[in-house]
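Peer 1:
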Amino acid sequence: MVAYIFRRLGILSVILFGSSFILYNLAAISGDPLEGLRTSTAPNAKQQILSLTRSLQLDVPPPLRYFLWLKGILGGFAGHIDFGKTRDAQLVSSAIATAIPTTIRLVFFATITAIVLGITIGIVTALRQYSRFDYAMTFVSFLMFSLPIFWVAVLLKEFLAIQFNNFLANPQIPVGWIIGLSAVSGVIWAAVISGDRKRVWQIFAVVAAGTAALLTLLSVTSWFIKPGLGPIVVFGISIGIAYGVTQLSTGLQNKAALRSAQAMAVIALVLYYPNQWLFDNHAGWLLILLQLLATIGIAFAVGLKFAKVDRAPTIRTAAITGGLIGVITLLDKFMQTWNPYMSTDAVNFRPIPTTGQVNPLLEPGNFWFTTLDILVHMILPTIALTLISFAGYIRYSRGTLLEVLNQDYIRTARAKGLNERTVIMRHAFRNTMIPLTTIMVVDFAGLIGGAIITERVFGWIGMGTLFNKAINTFDLNLLMAVFFITASLSVLANLVADLLYSALDPRIRAGKG
Amino acid sequence: MAKKKEVAVETTTQDGGENAIFNKETEGLSQGQIVLRRFVRHRGAMTSLFVIVGLMLFVFTALDQKIGPFKVPGWWHYNTEDLPELRSQGCKEGLVGCPTFSLRPKFLGGAGFGLGEHPFGQDDIGRDYFALVMRGAQRSVMVMFVIGIIGGTLGTIVGAISGFYRGWIDAVLMRFTDFIITIPAIIIGSVVGYHFGNLGVGFLAFYLGLFAWTGLSRLVRGEFLTLREREFVDAARVAGASNRRIIFKHILPNAVGVIIVSVTLLMSGAILLETALSYLGFGVVAPDVSLGLLISQYQDSFTTRPWLFWYPGLFIITIALSINFIGDGLRDAFDPRQRRRITKKDRESAKTVKKAGA
C-alpha cells in the first residue's frame, strides 16, 4: 500500500513537472509583460522596464526561467516556498494567501448546500422512482445543467436582491403571492410524501393552509423587518429536529435515543437566556467553538444517562440533534441582529447586496454585524453556485441508490424482516455514499481553483479573479502560482479519492490493475 | 390448501407475465432496433429531438449564408451587418429599440399576434437583435458539434487503445490524459489569440475539442478493459481475428452506448463552455457574435432593456436542455438493465394476448 502511494506520488510529480513546464513556456510566449511600457510615453518608462525586468528576471529565456521558478517552489520542501513576485512587485504568496480564504468562503458553503440538497432530493426521487416528483426533479436538474451561471446571477440580482430590498420598504406580502406560494408548497409536499389520492389531497390541504397562515402571520407582524424566533419557536423547532433526527438516525422505536434527543431540546430551552447573555457579552468565534464543544459534551452525558446498552447510536443522535439546535439558536441570534444591522447608515434598509464580499462602509467592532454582513454578501453567490452544481448530485445519487436498491443484499435485508427505514438508511444509503464520497473529494479540490465567472459576476476577489487577472496582464508568476496550487490539489484529490474508495469498499483494492 | 396453491401459481404467472411483456417486445429485433424503440418511447428525448432539429433548421436558414462562392439568402429580412434606424414607436417612455414581438391579440389592447419589424428588439446601434441572436445560436451549435466530434473521436481512440492493449501503452496514454487535464484550455486560447490574432469561431471550437476528450477517454478505457475479458472476444481471437477486427467489430459496437451518451453530455457542456469563455473574453470576440458574448455585453441593461438579456439566454437554455434530454433518452435506450415501468395498459394487453393465444 505504502509502495503504491509512493509510486503514485512519483508519477504525479512527473506529470506536474511536465505540465507546469509546458504551461510556463506557453504562458511566457502568450504575451509580453512589457508591452504597455514599451509604447508608453511616460518619462520613467525606461526605468520601469529595467526594474520590472530585474524583479521578474525577464532577461532569462523562459525555458531557463522556469527552472528558477521551480527552484522557488521546491524550496517548499526546505520549509520556504517562493512563488516569486507579481508585476506590482508584491509577493505572489501574499496575494494567494488573501485569495484562498475568499474563495473557500465563496464555494465551501455552496458546495455543502449543493451536496446536502442534491443527495436528499436524489434519494427521494430514487425512492419515488417514476412518480411525478421524480419527473419534475429530473426536469429541474436538466434545466440547472443547462443554465449559464452569469445568466442566473443577473436574474438573482434583479429578483432576489433588488426586488426583495424594495419589498422590505413595505413588507406586506400580496394576497396573490400568499395563495401562489401556499399552493406551490402544498404541491411539493404532496408529491414528496405521496400516497393514494385522498391522502395526497389531505397533505396538500394541510400544507397549503399551514403555509398560508404562516405567511399571513409574517406579513401582518412585519416579520421581515424585525425577524426573530424567540425561545418558544426555537423550542418547537428543536422538538421537530429531535423527532426527525431520531427517525433517520436510529428509528423512533429506540426510546433511549428519542428521550435523549428530546432532552437536548429541553436543555436548549433552559439555556436559551444564558446563551443570549453569552452572545451579547462574549461574542466571537471562540464562543461559538466553545458552545459547539459544550453541546457535544452535553450530548455525551445525555446519551450515557439514557442508554444503558448500545450507547453509540444514542450519543450520535443526541449530538446531531444538539448541533442542529445550535444552528437554529445562532440563526435566531442573527435574526435579532437583522433589524439593527439594516438600520445602520451603511446598509440603509437595503440588506441584500448584489456585489462585493463585505460592506466597506460598515463600522467594524460589532461581531454580529460583521458576521451578518459577510453572510448576506454570501447569499446570492451561494444560491447561484448551488443551483448550478446540485443538479449533478441529484442525478448521481439517484442513479447510485437505484443501482444499490437492485442488489441482492437489499433483498436479503428486506427478506429477513428489517423495516424500511433500516433497509434504506443502513443498507442502501451507506453503500450509496461510497462512490459519492469520492466525487465529493475531487469536487472540493476543484473548488480552490475558484469559480472564475461567479467571482467576476459578484465582484469577489478570489483565486478565479487572480487567474483571470494574471492572464490578462501576462503576470507569469501569479498565473503559475494559481495553476500550481489548483493542479496539485486536483491530482492529489484524485489519489485520495482512489485510496478512499478502496478503504470504504473492501471489494476494491488500490494498487492492482 | 388448494386455494393457496392457486395464489402461488397466480403470482408466478404474473412474474412471468412481466418478463413475457419485455420478451414479447424484443422478440425478433436486433440490438439496434431495440435501442431505437426504447429511444422513441422516451417522451422527453423525442420532444427534445424535434425541438433541436426544428431549432437548427430555423436558426441556420434565417440569415444569409456564404458557402464557398455562393451566397444562400436567408428568410429573415435583416442581417447582422444591417443598421436600420432605432425605432421608438410602441416602446415605453425613454426607450428605443424595444421588441415588436407580441402575443397579445388586438382586442385585448395588444399589438396583435405577430413578429413585427424587430421581434427581439434592437441593440445599442440599431442592429436587429433577432439576426444577432440567430447568428449567435449558429455559432453555439457549430461549436457544440465540432467539440462533440473532435472530443468524441479523440476520447474514443485514446480510451480504446489504452483499454485494449493495457500495459505500458495504457500507462503512457493515461498519464498523458492526466497531463492534459491539468492544463487549462484558457491559457492555450490566449496563447493562440496573442500569436495568431482572432482565428475565428471554428478554430476556437477546434482547440477546445483538443482538450475536451479526457473524461470520455477514461470512460471508454474502463469499458474496453471489461469487454476485452469477455468470452466473445476470446472466441473471436480463437477464430483468428486480428486486433483491429476485434476492436472495431467486436468491442466497439458494445461500447457505443457509453460513447454516444457521454458525447451528448460533452456537447451540452460545450455550449456552456463556449458561452463562459466568450463571457470572460477568451472565446468568440466582437465583431463576431455568440450567445455568451451577447449576454456579457448587455448584462447591465437588464433593468432597462431586458430583451437584450432574455433572448440569448433562452436560446442557450433551449439548446443545452434539449441535448441533455436526448442524452438521457439515449442512456436509457442503451442500458440493457433499464426496464420501463410496466403500466396497467401493458398488463391488460399482455393478458388479452395470452387469452387470445389460449
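Taken in sequence, the protein lines are chains A and B. Each residue of the first sequence is one higher than the one before, counting from 9 in the numbering used here. Each residue of the second sequence is one higher than the one before, counting from 6 in the numbering used here. In this text, a Cβ means the ideal position worked out from N, Cα and C, and glycines have one as well.
Are the CB atoms of VAL146/B and VAL206/B nearer to each other than 8 Å?
Peer 2: On the second sequence, residue 146/B is found 141 positions in, with the first residue counted as 1. On the second sequence, residue 206/B is found 201 positions in, with the first residue counted as 1. No, the pair does not count as a contact, with Cβ atoms beyond the cut-off.
Peer 1: If the cut-off is 8 Å on Cβ atoms, which residues from the segment 288-310 of chain B count as contacting chain A, listed in chain order?
Peer 2: Cβ contacts with chain A come from GLY297, ILE300, SER301, GLN304, PHE307, THR308.
Peer 1: Measure the CB-CB distance between ILE328/A and VAL449/A and report whether it falls below 8 Å.
Peer 2: For the purposes of this step, residue 328/A is identified with residue 320 of the first sequence, where counting begins at 1. For the purposes of this step, residue 449/A is identified with residue 441 of the first sequence, where counting begins at 1. No.
Peer 1: Grab the span of the alpha helix (DSSP H) containing LYS263/A for me, first residue to last.
Peer 2: What you label residue 263/A is simply residue 255 of the first sequence in a count that begins at 1. Segment 263-278, the alpha helix (DSSP H) holding LYS263/A.
Peer 1: Does DSSP classify VAL450/A as helix, strand or coil?
Peer 2: Numbered from 1 along the first sequence, position 442 holds the residue referred to as residue 450/A. Correct three-state label for VAL450/A: helix.
Peer 1: Using three-state DSSP, classify ALA13/B as helix, strand or coil.
Peer 2: Indexing the second sequence from 1 puts residue 13/B at position 8. Confidence at ALA13/B is low in this model, with a pLDDT of 44, below 50, so the placement of that residue should be treated as unreliable; the coordinate-derived value is given next. Looking at ALA13/B - three-state DSSP - the assignment turns out to be helix.
Peer 1: Leaving out five residues before and five after ARG43/B in sequence, what residues of the same chain have Cβ atoms less than 6 Å from its Cβ?
Peer 2: Here residue 43/B refers to the residue found at position 38 when the second sequence is read from its first residue. Within the same chain, ARG43/B has close Cβ partners ALA338.
Peer 1: Would you identify the three-state DSSP class for GLY521/A, choosing helix, strand or coil?
Peer 2: Here residue 521/A refers to the residue found at position 513 of the first sequence. Reliability of the predicted coordinates at GLY521/A is poor, the pLDDT of 43 falling under 50, and no value is obtained from them.
Peer 1: I'd like the list of long-range same chain contacts for LEU20/A, defined as Cβ closer than 6 Å, with 5 residues on each side in sequence excluded.
Peer 2: Translated into the one-based positions of the first sequence, residue 20/A becomes position 12. Cβ neighbours of LEU20/A beyond the five flanking positions: VAL499.
Peer 1: Checking contacts by CB at 8 Å: is ALA325/B closer than that to chain A?
Peer 2: Here residue 325/B corresponds to residue number 320 of the second sequence, with the count starting at 1. Cβ-Cβ to chain A under 8 Å: yes for ALA325/B.
Peer 1: Quick one: give me the first and last residue of the alpha helix (DSSP H) that VAL228/A is part of.
Peer 2: On the first sequence, position 220 is the one that residue 228/A refers to. 205-228 is the span of the alpha helix (DSSP H), which, as asked, contains VAL228/A.
Peer 1: List the endpoints of the continuous beta strand (DSSP E) containing VAL77/B.
Peer 2: Numbered from 1 along the second sequence, position 72 holds the residue referred to as residue 77/B. 75-77 is the span of the beta strand (DSSP E), which, as asked, contains VAL77/B.
Peer 1: Indicate whether VAL263/B and LEU230/B have their beta-carbon atoms separated by less than 8 Å.
Peer 2: Counted from its first residue, the second sequence places residue 263/B at position 258. Counted from its first residue, the second sequence places residue 230/B at position 225. No, they are not a contact pair.
Peer 1: With 8 Å set as the bound, which would you pick, yes or no: does the beta-carbon of LEU232/B sit closer than that to a beta-carbon of chain A?
Peer 2: Locating residue 232/B in the second sequence gives position 227, counting from the first residue. False, the Cβ-Cβ gap to chain A never drops below 8 Å.
Peer 1: For the beta strand (DSSP E) that ILE72/B lies in, which residues bound it at each end?
Peer 2: Mapped onto the second sequence, residue 72/B falls at position 67. 70-72 is the extent of the beta strand (DSSP E) around ILE72/B.
Peer 1: Going along the chain, which residues of its own chain have a beta-carbon closer than 6 Å to the beta-carbon of ALA276/A, five neighbours each way excluded?
Peer 2: One-based indexing of the first sequence puts residue 276/A at position 268. So the list reads SER246, ILE333, once near-sequence residues are dropped.
Peer 1: Measuring alpha carbon to alpha carbon, tell me which of ARG419/A, MET386/A, LEU34/A, THR111/A ends up nearest ALA459/A.
Peer 2: Position 451 of the first sequence, counted from the first residue, corresponds to residue 459/A. Measuring from the Cα of ALA459/A, the nearest candidate turns out to be THR111/A.
Peer 1: Within the continuous alpha helix (DSSP H) that includes MET139/B, where are the two ends?
Peer 2: In the second sequence, the residue the question calls residue 139/B occupies position 134. First-last of the alpha helix (DSSP H) with MET139/B: 134-170.
Peer 1: Less than 8 Å between the CB atoms is what I'm expecting for VAL200/A and ALA489/A, so what's the real figure, rounded?
Peer 2: Position 192 of the first sequence holds residue 200/A. Position 481 of the first sequence holds residue 489/A. VAL200/A to ALA489/A, Cβ: 47 Å. No contact.
Peer 1: Between ILE19/A and chain B, is there a C-beta pair that is closer than 8 Å?
Peer 2: Mapped onto the first sequence, residue 19/A falls at position 11. For ILE19/A, the answer is yes, since a Cβ of chain B falls inside 8 Å of its Cβ.
Peer 1: Let me see if you follow: with CB-CB separation under 8 Å, is LEU222/A close to chain B or not?
Peer 2: Within the first sequence, the letter at position 214 stands for residue 222/A. No - not a single Cβ of chain B is within 8 Å of the one on LEU222/A.
Peer 1: Under DSSP, the alpha helix (DSSP H) around ARG375/B begins and ends at which residues?
Peer 2: Limits of chain B in this structure are 6 at one end and 363 at the other, which puts residue 375/B out of reach.
Peer 1: Only counting the same chain, and skipping five residues up and downstream in sequence, which positions put a Cβ closer than 6 Å to that of ALA315/A?
Peer 2: Counting from one through the first sequence, the residue named residue 315/A turns up at place 307. Cβ within range, chain order: ALA264, THR322.
Peer 1: Suppose the cutoff is 7 Å on Cβ atoms and the five residues either side in sequence are ignored; what does the same chain contact list for MET145/A look like?
Peer 2: Position 137 of the first sequence holds residue 145/A. Cβ within range, chain order: ILE129, THR133, ILE402.
Peer 1: Hey, is SER273/B's beta-carbon within less than 8 Å of any beta-carbon in chain A?
Peer 2: Taking the second sequence and counting its residues from 1, the one referred to as residue 273/B is at position 268. By this cut-off, SER273/B is an interface position.
Peer 1: Name, please, each residue of chain B whose Cβ falls closer than 7 Å to the Cβ of ASN476/A.
Peer 2: Counted from its first residue, the first sequence places residue 476/A at position 468. Simply LEU285.
Peer 1: Beta-carbon separation of SER190/A and ALA216/A under 8 Å?
Peer 2: The sequence position of residue 190/A within the first sequence is 182, counting from 1. The sequence position of residue 216/A within the first sequence is 208, counting from 1. Yes, the pair counts as a contact, with Cβ atoms nearer than the cut-off.
Peer 1: Please classify PHE310/B as buried or exposed, where buried requires at least 16 neighbouring CB atoms within 10 angstroms.
Peer 2: One-based indexing of the second sequence puts residue 310/B at position 305. Residue 310/B is actually Arg in this sequence, not Phe. So ARG310/B ends up on the buried side.
Peer 1: Between the alpha carbons of TYR284/B and GLY236/A, how many angstroms are there, rounded?
Peer 2: Indexing the second sequence from 1 puts residue 284/B at position 279. Indexing the first sequence from 1 puts residue 236/A at position 228. Looking at the two C-alpha atoms, the distance is approximately 41 Å.
Peer 1: Could you check where the alpha helix (DSSP H) with ARG336/B kicks off and where it finishes?
Peer 2: Here residue 336/B is taken as the residue at index 331 of the second sequence, counted from 1. 312-339 is the extent of the alpha helix (DSSP H) around ARG336/B.
Peer 1: Which residues in chain A sit within 9 Å of PHE150/B, going by Cβ to Cβ distance?
Peer 2: What you label residue 150/B is simply residue 145 of the second sequence in a count that begins at 1. Going along chain A, no residue has its Cβ under 9 Å from PHE150/B, so there is no contact; the nearest lies around 17 Å.
Peer 1: Assuming MET152/A and LEU395/A form a contact by the criterion Cβ under 8 Å, report the distance between their Cβ atoms to the nearest whole angstrom.
Peer 2: Here residue 152/A corresponds to residue number 144 of the first sequence, with the count starting at 1. Here residue 395/A corresponds to residue number 387 of the first sequence, with the count starting at 1. So it is a contact: roughly 6 Å between Cβ atoms.
Peer 1: Taking the C-alpha atoms as reference points, what is the distance between LEU221/B and ALA260/B?
Peer 2: For this step, residue 221/B is matched to residue 216 along the second sequence. For this step, residue 260/B is matched to residue 255 along the second sequence. Spanning the two alpha carbons is a distance of roughly 12 Å.
Peer 1: Is the Cβ of TYR199/B closer than 8 Å to any Cβ of chain A?
Peer 2: Counted from its first residue, the second sequence places residue 199/B at position 194. It does; some Cβ of chain A falls within 8 Å.
Peer 1: For SER38/A, decide whether its Cβ has a neighbour in chain B, counting only Cβ atoms nearer than 8 Å.
Peer 2: As a first step, residue 38/A must be located in the first sequence, where it is residue number 30. Cβ-Cβ to chain B under 8 Å: yes for SER38/A.
Peer 1: Taking all protein chains shown into account, do 16 or more other C-beta atoms lie within 10 angstroms of the C-beta of HIS200/B, making it buried, or fewer, making it exposed?
Peer 2: Counted from its first residue, the second sequence places residue 200/B at position 195. Under this definition HIS200/B is an exposed residue.
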